[in-house]
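The block underneath contains the structure these notes are about, expressed in structure tokens.
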Amino acid sequence: MAKLELRHLNKTYSPKVIPVKDLSLDVDNDEFVTLLGPSGCGKSTTLRMIAGLEQPTRGDIVIGDKKVTYAAPGDRNIAMVFQSYALYPHMTVYDNLASGLKLRKMHSEEIRRRIAEVSGFLGLDSLMERKPGQLSGGQRQRVALGRALVRQPEVFLLDEPLSNLDALLREQVRAELKQIFESLHTPVVYVTHDQTEAMTLSSKVAVLNDGYLQQLDPPRRIYTHPANRFVAGFIGSPQMNLLDLNCDRGAAVLGDYRIPLPTGATPPARITLGIRPEHVELANSDVNGDTQTVQGKVILMENLGMSNLVSIRIRGAENVTLRALIPSDRTWREEMITLALPSEHIHWFDVETGERLFSEPLQIPTAHPQTQRLDIRST
Amino acid sequence: MTTTHPSAYPAAKTDRAFSLRKVLLTIGVIFVVVFSLAPILWQVLTSIKVNADIAAIPNVYFPRQFTLQHYIEIFNRRPFLNYMLNSFFVAATSTLLCLALGTPAAYALARLRVPGERFILALVLIVTLFPYILLFIGLLEIVRATGLANNYLALIIPYTAINIPLTILVMRSFFQQLPRDLEDSAKVDGYNTWQMLVRILLPLTTPALVTTGILAFIAAWNEFIFALTFITRESMKTIPVAVAQISGTAVFEIPYGALAAATVVGTLPLVILVLLFQRRIVQGLTAGAVKG
Ligand SMILES: Nc1ncnc2c1ncn2[C@@H]1O[C@H](COP(=O)(O)OP(=O)(O)OP(=O)(O)O)[C@@H](O)[C@H]1O
Ligand SMILES: [Mg+2]
């Protein structure tokens, strides 16, 4: 089975519109790589270049050991699932599935065998004689997927295949997709702007922004070690708190509090502190002695069902808002609230470049003189 | 239905407004139908009246006596069947040529990146605006020079040329409104441009093909000036010329009956054609291509 390589891809539509600037990416046999990024960041463009529907301005695309940069889409042995499904409306489901195989002059026995296999698997058997217009959205999605699967291509490309399904069906199909592609051992490139899809399906997530690859890592690591400020803010919902702070003698100054920087680093003048709302905890007696806590005033509380998203204004820093995700069963009485910021969940980024600082392992000085416990104080 | 409706009065009012609208609509429809069908009806009635009724004063509107005399006359005393076949051959050939040449051109202009695309389109549009009578003198010279007189090519080529711009414009807008993903998907499946046009796009544009085809056919079927001038051999004449000749042959007594019969006979094929393809013109063939 083949491997997909993108080498320094660039797509320039016009001097102002350069959706892909310099993208290199390897997708191995067993890998399911998701291209994730905000709208207009060039995900679809990248996918279309891999498919051959768009010619790269520079760079190379290699499938297996063949350079296919300028090959026609039909000569690449790839299959693509479109967001709109793009089924042929005048053909029956069977013909839709068979058309790509017939064009490749495949033996009709083999065509029938492959279609039977895929349709049984996707539950399309009873729909074979229908036209796409007579199918529900979910069924169309399956036919589109089936059309890609029967091809047994060297690379699968999927452009937001689930975005037209309702939430419940999407969850179900997502699970099915995961199963299907895990058993195939074929490189898959999947485009989405839905983080949950990216996190649950992929073996690796490629976060794109501004035409550049921001980070390529397994989902878990993208979440725990965002490579830069953009990834940190883009991945995770609710969004990570990103606070630009001044530094002073080995600590970042957050209102009345000093958050110690990792030791051994030369602290810059300013630094970005990142911490996810779900990692900000309500401080209580069992928070151990070295955990940094801050105190602030609750200015907004949003109920998300399982938990409350609480926005607080930190004491001494009037223009800084920190958001914390606090389980619904945890309550507090006062307007002032004490929160713990566990140091292992704090990320540091360069204010200028947005790059991650003090990577691995995060070391926190013990018994720092400025670290202090603050109790809930009534106002 | 447990409580009485409190707003019976406003409901009645909207009802009345609604029915007034309906009445106006009906009157409008009747007016349009009468306006456009009355001449045809008059021709049909005239064609089955006896000569005495046609000439009677005051007018006899509804025939008192039916006769097929005029039809028999045009088919027996004149080769009207022959004229019809001539017309059919010329119109059908030029229509097919028009679609065969115009459709690929329309696709190229709609989707392939053709250099100077805007210029070509502007040109096509200008050609449709050009009064074709002005071409006539030039064409006459060309026909003479090439010796195409009394050759159907002298009609087929100009008819095709005149109808191609319309075909290109209509088909192009149809191709443009087809979802682009469909073509991308076909390309990934391995269709080349020609296969894609024939196997994917044309089946989806049948309504447009039929519509433009019928328009081109009607235009060619009805054309008079070229047909009158370029074809002089009696056995090769087309319907409009033949109909005109009926009145032209008799100076003193205008054969209204035969004229009416010829008009009906000349119109009938077009009516049949439209009725036949009416269902194919129905839209909505692209339903289900993309998400619903
Ligand atoms: N044919 C084209 N000509 C010029 N610009 C284009 C063309 N196709 C796409 N673009 C531009 O390239 C950029 C990237 O488009 P692309 O479709 O790759 O975005 P995307 O990441 O898939 O976004 P989305 O999540 O909304 O689908 C956009 O700014 C778009 O306007
Ligand atoms: Mg896209």
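Sequence order for the protein chains is Y and R. Heads up, the first sequence stops at 378 in numbering that gives the first Met the number 0, and the numbers go up one at a time, no gaps. Heads up, the second sequence stops at 291 in numbering that gives the first Met the number 0, and the numbers go up one at a time, no gaps. For each residue, glycine too, the CB sits at the ideal point set by N, CA and C. Just so we're clear, the structure is a prediction, and the values are computed from it rather than from any experiment.
Just the C-alpha distance for residue i and residue j, rounded to the nearest angstrom, thanks.
i: V142/Y; j: E182/R; result: 17 angstroms
i: G235/Y; j: K21/R; result: 58 angstroms
i: H184/Y; j: E153/Y; result: 10 angstroms
i: G119/Y; j: D94/Y; result: 16 angstroms
i: G99/Y; j: R150/Y; result: 7 angstroms
i: I231/R; j: A51/R; result: Position check: residue 231/R holds Thr in this sequence, whereas Ile was assumed. Straight-line Cα distance between these residues: approximately 34 angstroms.
i: L281/Y; j: I298/Y; result: 15 angstroms
i: S83/Y; j: L157/Y; result: 11 angstroms
i: K296/Y; j: A339/Y; result: 14 angstroms
i: S342/Y; j: L356/Y; result: 14 angstroms
i: L52/Y; j: G36/Y; result: 21 angstroms
i: R228/Y; j: I270/Y; result: 11 angstroms
i: V309/Y; j: Q291/Y; result: 18 angstroms
i: G315/Y; j: D328/Y; result: 29 angstroms
i: M335/Y; j: V293/Y; result: 10 angstroms
i: P295/R; j: P160/Y; result: For residue 295/R there is no data in the structure shown, the boundaries of chain R being 0 and 291.
i: Q238/Y; j: G232/Y; result: 6 angstroms
i: P178/Y; j: G101/R; result: First, the residue type needs correcting, since residue 178/Y is Gln and not Pro in the sequence shown. Each residue's alpha carbon lies about 49 angstroms from the other.
i: N318/Y; j: R312/Y; result: 7 angstroms
i: W347/Y; j: L24/Y; result: 26 angstroms
i: F155/Y; j: L324/Y; result: 38 angstroms
i: T337/Y; j: T191/Y; result: 38 angstroms
i: D216/Y; j: L177/R; result: 39 angstroms
i: E252/R; j: Q244/R; result: 14 angstroms
i: Q194/R; j: R146/Y; result: 18 angstroms
i: D255/Y; j: R179/R; result: 58 angstroms
i: P267/Y; j: Q54/Y; result: 44 angstroms
i: E301/Y; j: N307/Y; result: 6 angstroms
i: I224/R; j: F65/R; result: 34 angstroms
i: H344/Y; j: L272/Y; result: 10 angstroms
i: K2/Y; j: V188/Y; result: 11 angstroms
i: V92/Y; j: Q140/Y; result: 12 angstroms
i: P202/R; j: A97/Y; result: 17 angstroms
i: G137/Y; j: S162/Y; result: 11 angstroms
i: I163/R; j: T211/R; result: 10 angstroms
i: V28/R; j: H89/Y; result: 36 angstroms
Are the C-beta of residue i and some C-beta of chain C separated by less than 8 angstroms?
i: L208/R; result: Of the chains in the structure shown, none is chain C; the protein chains are Y and R.
Is any non-hydrogen atom of ligand 4 found closer than 7 angstroms to the C-beta of residue i, if you look at the structure I gave you?
i: D247/Y; result: What this structure holds is ligand 1 and ligand 2, not ligand 4.
Counting Cβ pairs closer than 8 angstroms, one from the region 195 to 213 of chain Y and one from the region 39 to 47 of chain Y, do we hit at least three?
-> Verdict: yes, contact present.
Interface residues of the region 156 to 170 of chain Y facing chain R [CB-CB below 7 angstroms] | Within the region 156 to 170 of chain Y, the qualifying residues are N163.
Please determine if the region 213 to 221 of chain R and the region 109 to 126 of chain Y are in contact, where contact requires at least 3 C-beta pairs separated by less than 8 angstroms.
-> No, the region 213 to 221 of chain R is not in contact with the region 109 to 126 of chain Y.
With ligand 1 as the reference, list in chain order each residue whose Cβ lies under 5 angstroms from any of its heavy atoms.
-> Cβ atoms closer than 5 angstroms to ligand 1 belong to Y12/Y, V16/Y, P18/Y, S38/Y, G39/Y, C40/Y, G41/Y, K42/Y, S43/Y, T44/Y and H192/Y.
Please go through the region 73 to 110 of chain Y and give each complete beta strand (DSSP E) segment of 3 or more residues, from N-terminal end onward.
-> Within the region 73 to 110 of chain Y, the complete beta strand (DSSP E) runs of at least 3 residues are 77 to 80.
Between the region 185 to 202 of chain R and chain Y, which residues of the former have a C-beta closer than 9 angstroms to a C-beta of the latter?
-> A185, K186, V187, D188, G189, Y190, N191, Q194, R198, I199 and P202
Determine which residues of the region 97 to 127 of chain Y have a Cβ less than 7 angstroms from any Cβ of chain R, and write them out in chain order.
-> Of all residues in the region 97 to 127 of chain Y, only S98, G99, L102 and R103 come within less than 7 angstroms of chain R when Cβ atoms are compared, listed by chain position.
Cβ pair count under 8 angstroms reaching 3, the region 52 to 68 of chain Y against the region 240 to 255 of chain Y | no
Does the pairing of the region 165 to 185 of chain Y with the region 17 to 26 of chain Y give three or more beta-carbon distances under 8 angstroms?
-> no
Would you call the region 150 to 159 of chain R and the region 221 to 237 of chain R touching, i.e. three or more CB-CB distances under 8 angstroms?
-> yes
Scan the region 27 to 115 of chain R and note each continuous alpha helix (DSSP H) run of 4 residues or more that stays entirely inside, going in chain order.
-> 50 to 54, 68 to 71 and 79 to 109
Three-pair Cβ contact test at 8 angstroms for the region 72 to 87 of chain R versus the region 128 to 139 of chain R = no
Hey, is the region 250 to 260 of chain R in contact with the region 41 to 56 of chain R, meaning 3+ C-beta pairs nearer than 8 angstroms?
-> Enough Cβ pairs lie closer than 8 angstroms, so yes.
With contact counted as at least three CB pairs below 8 angstroms, one residue from each stretch, are the region 154 to 174 of chain R and the region 196 to 209 of chain R in contact?
-> yes
Taking the runs of the alpha helix (DSSP H) that are 4 residues or longer, which of them lie wholly in the region 135 to 162 of chain R?
-> none
For the region 330 to 352 of chain Y, which residues have a beta carbon sitting closer than 7 angstroms to at least one beta carbon of chain R?
-> none
Do the region 184 to 200 of chain R and the region 71 to 81 of chain Y make contact, defined as three or more Cβ pairs closer than 8 angstroms?
-> yes
With a floor of 3 residues, list each beta strand (DSSP E) that falls wholly inside the region 140 to 215 of chain Y, ordered by position along the chain.
-> 154 to 158, 187 to 191 and 203 to 208
Listed in chain order, which residues of the region 164 to 184 of chain R have Cβ atoms closer than 7 angstroms to some Cβ of chain Y?
-> P178, D180, L181, D183 and S184
Going along the region 34 to 56 of chain Y in order, which residues come within less than 9 angstroms of chain R, judged by CB to CB distance?
-> Under the 9 angstroms Cβ criterion, the region 34 to 56 of chain Y contributes R47, A50, G51 and L52.
Taking only beta carbons into account, state which residues of the region 55 to 77 of chain Y come closer than 7 angstroms to chain R, listed in chain order.
-> P72, G73 and I77
Relative to chain R, which residues along the region 79 to 95 of chain Y have a C-beta separation below 8 angstroms, given in chain order?
-> Answer in chain order: M79, F81, Q82, S83, Y84, A85, L86, Y87, P88 and H89.
Flag this pair as touching only if the region 89 to 99 of chain R and the region 154 to 165 of chain R have three or more C-beta atom pairs under 8 angstroms; answer yes or no.
-> yes
May I have a chain-ordered list of the alpha helix (DSSP H) segments no shorter than 4 residues that lie completely inside the region 232 to 266 of chain R?
-> Taking only runs of at least 4 residues, the alpha helix (DSSP H) segments lying wholly in the region 232 to 266 of chain R are 238 to 248.
Report the residue ranges of all beta strand (DSSP E) runs contained in full by the region 276 to 352 of chain Y; include only those spanning at least 3 residues, in chain order.
-> 291 to 302, 306 to 313, 320 to 326, 335 to 340 and 346 to 349
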